[in-house]
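Numbering-wise, the numbering used here comes out as the position in the sequence shown, counting from 1, plus 21. The C-beta atom is built at its ideal place from N, Cα and C for all residues, glycine as well. Just so we're clear, the structure is a prediction, and the values are computed from it rather than from any experiment.
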Amino acid sequence: MQTIENQFLRVSINPLGAELVSLFNKENNAEYMWNADPAFWGKSSPVLFPIIGALKNNQYCYQGKTYTLPRHGFARERVFSVETQSELSITLLQKEDEATLKVFPFAFEFRLIYTLNEKTLSVSYSVKNTGNNEMYFSVGGHPAFAVPLSDDTVYEDYYLEFNQTEDFPRWELADGGLIKNEATTFLENTNRLPLTKELFYQDALVFKHQKSTAIVLKSDKVSSQLTFTFENFPFLGIWAAPNANFVCLEPWCGIADSENHTQELTEKEGIEVLASDQIFLRTWSVSL
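Laid out in structure tokens, this is it:
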């Protein structure tokens, strides 16, 4: 594990997948990340790259060739190298190699940058196209935050408070994790989503083009809360494994294939296009 810390927070990152595994608050001796209990879900904050969600038949087409990728891509299962590190920041790097080129025909430098500033952890995704042609990709986060935040509360005491009033249609997932072609009514004229275990029995909540750029995880029974900020991410997933004590807040630049998708990578909804030698950068942060 790699560690960065200041007087308020201690953060641990696993080079396998550049995964955030611990966000520890020194002031109240509390861990804010899910403990990756494999009985429910053995991850804590996987990195989603170069796709998000599922592909139709786990395949996509690009320039007349067919490629296969598992759900959420390959970055979360590969070891990143530590490029730079200081007391308050660490940068982890992954580049293309023979294995990635077989399933994703682009040259790239993908960096995860973790930075502490007082009681805030910022997580940045930096993607550089080191090839000669345009690069098509998706990238996003999947951090799982522990709920409840204190021993004297329960899961149902908590809710998510958005920083904008939303009318959220929900894009449900079909078999195989594909996005259904029609949305269903979900949140209407509200900025609050109460948390219940039953909320996630039908898989993730998926939203498109939300107005909000921040969500507070909170309870009216305790003072501890967590503010999650995510600007310039056009898609949002909210998820928990059945009956598990966590909630994932997932900012995405990209989304799973729809049921009627053509499987052409260049026609994929939300796909990012990056010119040669250009850098794409997005950041989310969590404040305690």
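Quiz item: Leaving out the 5 sequence neighbours to the left and right, which residues in its chain are closer than 7 Å to residue 261 when beta-carbon positions are compared?
Solution: 221, 267, 268 and 269
Quiz prompt | Local conformation of residue 287 per DSSP, three classes | solution = helix
Quiz item: How close, in whole Å, do the beta carbons of residue 26 and residue 32 come, if the pair is a contact with beta carbons under 8 Å?
Solution: 7 Å
Exercise. Could you check if residue 144 is buried or exposed, using at least 16 other CB atoms within 10 Å of its CB as the buried criterion?
Key: buried
Quiz prompt | Start and end residues, beta strand (DSSP E) containing residue 96 | solution = Note, residue 96: premise wrong, no beta strand (DSSP E); not H, not E.
Practice problem: Grab the span of the beta strand (DSSP E) containing residue 165 for me, first residue to last. | Solution: 165-167
Quiz item: Does the distance from the CB of residue 49 to the CB of residue 245 come in under 8 Å?
Solution: yes
Quiz prompt | Three-pair Cβ contact test at 8 Å for the region 216-236 versus the region 184-201 | solution = yes
Quiz item: Can you give the Cα-Cα distance for residue 69 and residue 131, rounded to whole angstroms?
Solution: 11 Å
Quiz item: Whose CA, out of 171, 292 and 300, lies closest to the CA of residue 83?
Solution: 292
Quiz item: In whole angstroms, what separates the C-alpha of residue 298 from that of residue 94?
Solution: 22 Å
Self-check item: Residues bridged to residue 54 [DSSP beta-bridge criterion]
Solution: 166
Self-check item: Separation of residue 179 from residue 167, as counted between CA atoms
Solution: 11 Å
Quiz item: Starting from residue 122 and walking both ways along the alpha helix (DSSP H), at which residues does that stretch end?
Solution: 119-124
Quiz item: Roughly how many angstroms lie between the CA atoms of residue 301 and residue 173, to the nearest whole one?
Solution: 43 Å
Quiz item: Out of 194, 254 and 138, which has the shortest C-alpha to C-alpha gap to residue 233?
Solution: 254
Quiz item: Which of helix, strand or coil does DSSP assign to residue 221?
Solution: helix
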